[in-house]
Structures are given as C-alpha cells and as structure tokens.
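Notes follow once the structure below has been shown.
Numbering (this note's numbering), first residue to last: 104 to 400.
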C-alpha cells in the first residue's frame, strides 16, 4: 500500500534559470492574487496598525498602501502614535479583530519602547493575521497543519526561492538556517521540515561555520548582521538565500557578502523582498477564504 505524501499542497513554482531574484516569482503570485480579487464582488479591507512613531515604519506602510491601491484592495493605516499603553493597543487590536468589515490586520513592528509585542500579537484574530506572526498561526505551522494557517510571508518567500532553485520537491535536502528569529528562522525551520527537508538551525555564535555548512545543499541567513556569511564559509554547490536587512549609509545590504562563490545567491535588495510583498497580499486572499470557510491550498 502506498503511504500518502504528508507534504502540504502548494502550487508549483516557476523554476528560475537566471539570477535568483524574487521579481519573476512575485509576478507569478500577483497574477494569482489579481484573479482571486477580480472574482469577488467586494474589496477586502486590510488595516495596518502603527504604534511606534518610527519614520521607517511609516515608509513601509506607505509602500503597502500603494500596492494595495494597484491591486484594488481597501487599505487603512491606523496610526496610534508612540505614546500609548499596552491596554490601549490591545483594545484597538481587539476591535479590529472583531470587525467583520476588516479582513486582514498587520501590526507593524517594532513597537514603541515599553509596549509588549508578544502580548499584542495575542490580540490578533488568527485568521486576520496576514503576517502569520500570532502564536496560533505559528503553532499550526509547528504542528504540520499549514493548510489551516496563515504563513509568515518572509519564510514562505524563502521557501519559494529554494524551490525555484532546487526543485519543488525538497524532501531529503539538507538546508541550514542561520538565525533562529521569530519572524524568519523559527517558522522557516518548521516550514522546511513540513516539506521533508532536513534542517540544521544555526546562529551567529555557531562554531566552525564552514564545517557545519559544508554538507548543506542550501544556506538561509536571517540574522541582521551585515557580512556575517563570508566566502570562506560556503561551497560552490551551495544555494544561498539572504533574508537579512541592514540599513547602511550606502543603502540596504544583506547578511551575506555579495557575489559569494556559490551556485546561486539572492541579492539584497531584489531577492526575498519583492516576493515577500506579493505573498502578503496572497495571505489576504487566503485570510478571506479561511474566514468564509472556503478551502485553501
């Protein structure tokens, strides 16, 4: 008797033959999002909640708003300012979660000093949490129940890029994840395991990184330290996915040195980022379907 494949169903990914960038995959995802949105007689409503006063967060929100307008999604930026209490933030998130006219919620991190992000994320309705960071969604991923969850867009972007470079079937491949952070590394570890990959979780303190990485098929790095992954750490057969973001005077750079002597490497910017943005709006579509009790992949 044949044993069913436990791997969650996911659409096939376009195999990349040129540079390992996210643009082509982002366009593929966006076409699917447009098709879903055009089939509906209403505009889903996405709300971004700011509670920091951070100018960079405002820039990111404005970018999301422009993309929402292009897609035909109703977008609201709910700026609570930096001088609020946890109680006030929780009340706002509770109201949005209970509002049937709101289909997706994003809590922009980091929050203002003194606010508890973990406690705030608990207030998000799991099926409106389009960034997939609430404990309920992360628990479903860890339990291998991805079809019931909203998946964090950045880890999902990484998995898309790995599949584009290595093939849709990741079973049996050895993949190192450097950086056990809540937003990328930890959920990604479970998401790769759900696809049958063997995952080695490292951090910036891992000793003899070259030896640890040598047998790997791919290396994913998301630490937040520019140039942490250097030429002496990698092998020619490696695929490197750089999910690090470091703002420097000359612009944004990743965690890996550019132009590593490897089989393929994502650039920063232009690698993980464009696909992450597209997958966030795919999550909004997925959120609406879950809220309506419709099947999702």
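All C-beta atoms in this analysis are idealised placements derived from N, C-alpha and C, irrespective of residue type, glycine included.
Could you check the C-alpha separation between residue i and residue j for me, to the nearest Å?
i           : j           : result
residue 251 : residue 390 : 10 Å
residue 353 : residue 214 : 26 Å
residue 304 : residue 387 : 30 Å
residue 238 : residue 225 : 7 Å
residue 204 : residue 306 : 42 Å
residue 128 : residue 137 : 14 Å
residue 199 : residue 315 : 45 Å
residue 335 : residue 313 : 7 Å
residue 158 : residue 208 : 20 Å
residue 227 : residue 174 : 24 Å
residue 283 : residue 216 : 23 Å
residue 126 : residue 327 : 23 Å
residue 339 : residue 285 : 30 Å
residue 367 : residue 201 : 45 Å
residue 351 : residue 219 : 28 Å
residue 361 : residue 221 : 34 Å
residue 123 : residue 261 : 11 Å
residue 107 : residue 293 : Residue confidence is low: residue 107 scores 41 on pLDDT, short of 50, so the model does not pin down where it sits. Its coordinate-derived value is still stated next. Looking at the two C-alpha atoms, the distance is approximately 20 Å.
residue 144 : residue 347 : 39 Å
residue 385 : residue 320 : 28 Å
residue 309 : residue 358 : 15 Å
residue 183 : residue 287 : 26 Å
Can you find the residues in the same chain that come closer than 7 Å, C-beta to C-beta, to residue i, ignoring five residues on each side of it along the sequence?
i           : result
residue 299 : 110, 273, 274 and 275
residue 356 : 329, 349 and 371
residue 399 : 250, 389, 392 and 393
residue 146 : 175, 176 and 177
residue 302 : 278, 280, 292, 295 and 296
residue 232 : 208, 240 and 253
Counting only the same chain and skipping the five closest in sequence on each side, list residues whose C-beta sits under 6 Å from that of residue i.
i           : result
residue 259 : 382
residue 394 : 230
residue 322 : 279, 316, 341 and 343
residue 179 : 150
residue 365 : 337, 341 and 343
Starting from residue i, follow the beta strand (DSSP E) in both directions and report where the run begins and ends.
i           : result
residue 304 : 301–305
residue 65  : There is no way to answer for residue 65, as the model of the chain reaches only from 104 to 400.
residue 354 : 354–356
residue 342 : 342–345
residue 257 : No beta strand (DSSP E) holds residue 257; the alpha helix (DSSP H) holding it covers 256–269.
residue 337 : Segment: none, residue 337 is in no beta strand (DSSP E) and carries neither H nor E.
Thinking C-beta only, is residue j closer than 9 Å to residue i?
i           : j           : result
residue 132 : residue 378 : yes
residue 295 : residue 325 : no
residue 181 : residue 212 : no
residue 177 : residue 185 : no
residue 243 : residue 210 : no
residue 345 : residue 332 : yes
residue 240 : residue 256 : no
residue 247 : residue 197 : no
residue 223 : residue 189 : yes
residue 234 : residue 265 : no
Tell me where the alpha helix (DSSP H) around residue i begins and ends.
i           : result
residue 133 : 126–141
residue 44  : Coverage of the chain is limited to positions 104 through 400, which leaves residue 44 absent and any answer about it impossible.
residue 202 : Taken as a continuous stretch (DSSP letters only), residue 202 belongs to no alpha helix (DSSP H), as it is neither H nor E.
residue 297 : 288–297
residue 159 : 158–174
residue 409 : This structure cannot settle anything about residue 409, because the visible part of the chain is limited to 104 through 400.
residue 221 : 220–224
By Cβ distance below 8 Å, which residues in the same chain neighbour residue i in space, the five residues on each side in sequence not counted?
i           : result
residue 318 : 277
Inset, instruction - Kindly confirm or deny that the segment 162–173 and the segment 193–202 touch, where touching means at least three C-beta pairs closer than 8 Å. - result: no
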